[in-house]
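Have a look at the structure below before the remarks.
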Amino acid sequence: MLATVSRRRGLAALAALAASPVLAQVRIDIAGVGGTRIPVAIADFRDESRSPQPIAAIIRADLERSGLFRSVDAPGALSETSVPAYAEWKARQADALVAGSVTRLADGRLDIRFKLWDVVKGAEIIGQAQAVLPDDARLAAHRIADVVYEKLTGEKGVFATRMAYVTKAGRRYSLVIADADGEGAKAALSSPEAIISPTWAPNGRELAYVSFESGKATVRIQDVQTGTRRVLADFKGTNSAPAWSPDGNQLVLSLSREGGTQLFVINRDGSGLRRIAQSSAIDTEACFAPDGSKIYFVSDRGGGPQIYRMPAGGGAAERVTFNGNYNISPAISPDGRTMAYITRAGGAFRLCVMDLATGQSQQISDANDDESPSFAPNSKLIVYASRAGGKEVLMTTTLDGKIKTPLLVSLAEVREPSWGSFAAQ
Numbered sequence: 001m002l003a004t005v006s007r008r009r010g011l012a013a014l015a016a017l018a019a020s021p022v023l024a025q026v027r028i029d030i031a032g033v034g035g036t037r038i039p040v041a042i043a044d045f046r047d048e049s050r051s052p053q054p055i056a057a058i059i060r061a062d063l064e065r066s067g068l069f070r071s072v073d074a075p076g077a078l079s080e081t082s083v084p085a086y087a088e089w090k091a092r093q094a095d096a097l098v099a100g101s102v103t104r105l106a107d108g109r110l111d112i113r114f115k116l117w118d119v120v121k122g123a124e125i126i127g128q129a130q131a132v133l134p135d136d137a138r139l140a141a142h143r144i145a146d147v148v149y150e151k152l153t154g155e156k157g158v159f160a161t162r163m164a165y166v167t168k169a170g171r172r173y174s175l176v177i178a179d180a181d182g183e184g185a186k187a188a189l190s191s192p193e194a195i196i197s198p199t200w201a202p203n204g205r206e207l208a209y210v211s212f213e214s215g216k217a218t219v220r221i222q223d224v225q226t227g228t229r230r231v232l233a234d235f236k237g238t239n240s241a242p243a244w245s246p247d248g249n250q251l252v253l254s255l256s257r258e259g260g261t262q263l264f265v266i267n268r269d270g271s272g273l274r275r276i277a278q279s280s281a282i283d284t285e286a287c288f289a290p291d292g293s294k295i296y297f298v299s300d301r302g303g304g305p306q307i308y309r310m311p312a313g314g315g316a317a318e319r320v321t322f323n324g325n326y327n328i329s330p331a332i333s334p335d336g337r338t339m340a341y342i343t344r345a346g347g348a349f350r351l352c353v354m355d356l357a358t359g360q361s362q363q364i365s366d367a368n369d370d371e372s373p374s375f376a377p378n379s380k381l382i383v384y385a386s387r388a389g390g391k392e393v394l395m396t397t398t399l400d401g402k403i404k405t406p407l408l409v410s411l412a413e414v415r416e417p418s419w420g421s422f423a424a425q
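What follows is the structure, encoded as structure tokens:
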């Protein structure tokens, strides 16, 4: 029944997690065959060994993971000062070329420079330089990948954004923040009690989540820069499933203060609590549409868990999912065009996407245990939790499911990813 819908395996899933998030190292493994992809050559940066991070390799992996690019071998020594032999790169079937350099400055910072060339037109597209601390070399590489992505596709890249997720090491739970490729993981919070349902604020500085540290489920908000925490919802019964409004001024919650599990909206300062769904059903896992006009949620009001939507201020709800008798965990793309969700097919739980304009759905995973989808801020990728090789892992996928990237964690298993906004860098 729907008592398990909010987090399908709830604490049982978290109890299965293991290992330390801080030590986790992620390897990228691209699987699947996508459509037409832009061939781009990314040469190793000159004096890249001066950087603690492999700049060119990070850029290549970022672009490949997007599903829009494929790497072309780039042998030889190149930098941003090189004059490309365009005929040679055309012969290698590269449409674009990236090269750069790393220089250590007198103050210890790294001067990381690059240029991007259009091989087809035989012209420079852009050149940039950034001086960063050695600890920020990976972020610098992600930012370069974002520039390349935007210049070649016309849309913003998401490689410098961050994700949050939950791990469990022994009996300690951790709320972890990492780069969009799963690397650079750092624990923002550790607790002997369960932490679930992390969700980024639109400002990229705060996370809301559910903590059991007081002996019951309460919703808390944490500033990820200062570590400052505050209780948002500690009402009678359970307080769960927070989700931010697009402007960051409100959150929608699932509360059992009036019996059952119902949807409430609350201001970010804890004031103005009001119930927005008046049914006697169990309503949970709510999220706002990106324009703030509607709220999508899961309810058993039709007999089994299905996804519904209603005006954000409350009112009549309409059913959204009709395929299958078990559909949960809605996530709406920032452009408002697509809904990701989890369906039960036989005994398997699989990721699906729905075109919200047509209502057409497509299952894009053949795994058996998918959970918790979350969109990249450019709406082009989804991160979700799944299982691979008997371990719980994070996966990213393109919306057509053709390019999937498991973020394979050697020392930790991870759950409940939340992809931050463009502000979360």
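Going by the UniProt record's numbering, the sequence shown opens with residue 1, and the numbers climb by one from there.
All C-beta atoms in this analysis are idealised placements derived from N, C-alpha and C, irrespective of residue type, glycine included.
Asked	Found
Please tell me whether residue 133 and residue 104 are closer than 8 Å, where the distance is taken between their beta carbons.	no
Tell me the DSSP secondary structure of residue 118 in three-state form.	strand
State buried or exposed for residue 404, treating a residue as buried only when at least 16 other CB atoms are found within 10 Å of its CB.	buried
I'd like to confirm the pairing. Which residues does DSSP put opposite residue 309 in its beta bridges?	296, 318
Please report the straight-line C-alpha distance between residue 135 and residue 425, rounded to a whole angstrom.	14 Å
Buried or exposed: where does residue 81 fall if 16 or more other Cβ atoms within 10 Å of its Cβ makes it buried?	exposed
In whole angstroms, what is the alpha-carbon distance linking residue 361 and residue 324?	11 Å
Compare the C-alpha of residue 421 against each of 188, 394, 379, 395 and name the closest.	379
When you compare the stretch 385-396 with the stretch 147-162, are there three or more beta-carbon pairs, one atom per stretch, that lie closer than 8 Å?	no
For residue 223, which residues in the same chain have their Cβ closer than 8 Å to its Cβ, ignoring the five residues on either side in sequence?	205, 206, 229
Residues in the same chain with beta-carbon distance under 6 Å from residue 301, minus the five sequence neighbours each way, listed in chain order, please.	279, 281
How big is the Cα-Cα spacing for residue 333 and residue 290?	8 Å
Please identify the residue among 271, 239, 48 whose C-alpha is closest to the C-alpha of residue 259.	239
Just the C-alpha distance for residue 288 and residue 195, rounded to the nearest angstrom, thanks.	22 Å
Expressed to the nearest angstrom, what Euclidean distance is found between the alpha-carbon atoms of residue 115 and residue 38?	17 Å
Pop quiz: residue 237 and residue 257 are said to be a contact at Cβ under 8 Å. What is the actual Cβ separation, rounded to whole angstroms?	5 Å
Excluding sequence positions up to five away, which residues of its chain have a Cβ less than 6 Å from the Cβ of residue 122?	86
According to DSSP, which residues form a beta bridge with residue 371?	385
Between residue 176 and residue 160, which are expected to be in contact by the criterion C-beta below 8 Å, what is the C-beta distance as a whole number of angstroms?	Their Cβ separation, rounded to whole angstroms, is 18 Å, which puts residue 176 and residue 160 out of contact at 8 Å.
Return yes when the Cβ of residue 387 is within less than 8 Å of the Cβ of residue 366, no when it is not.	no
CB-CB under 8 Å to residue 330, same chain, minus the five flanking residues each way: which ones, in chain order?	285, 287, 296, 297, 298, 307, 320, 339, 340, 341
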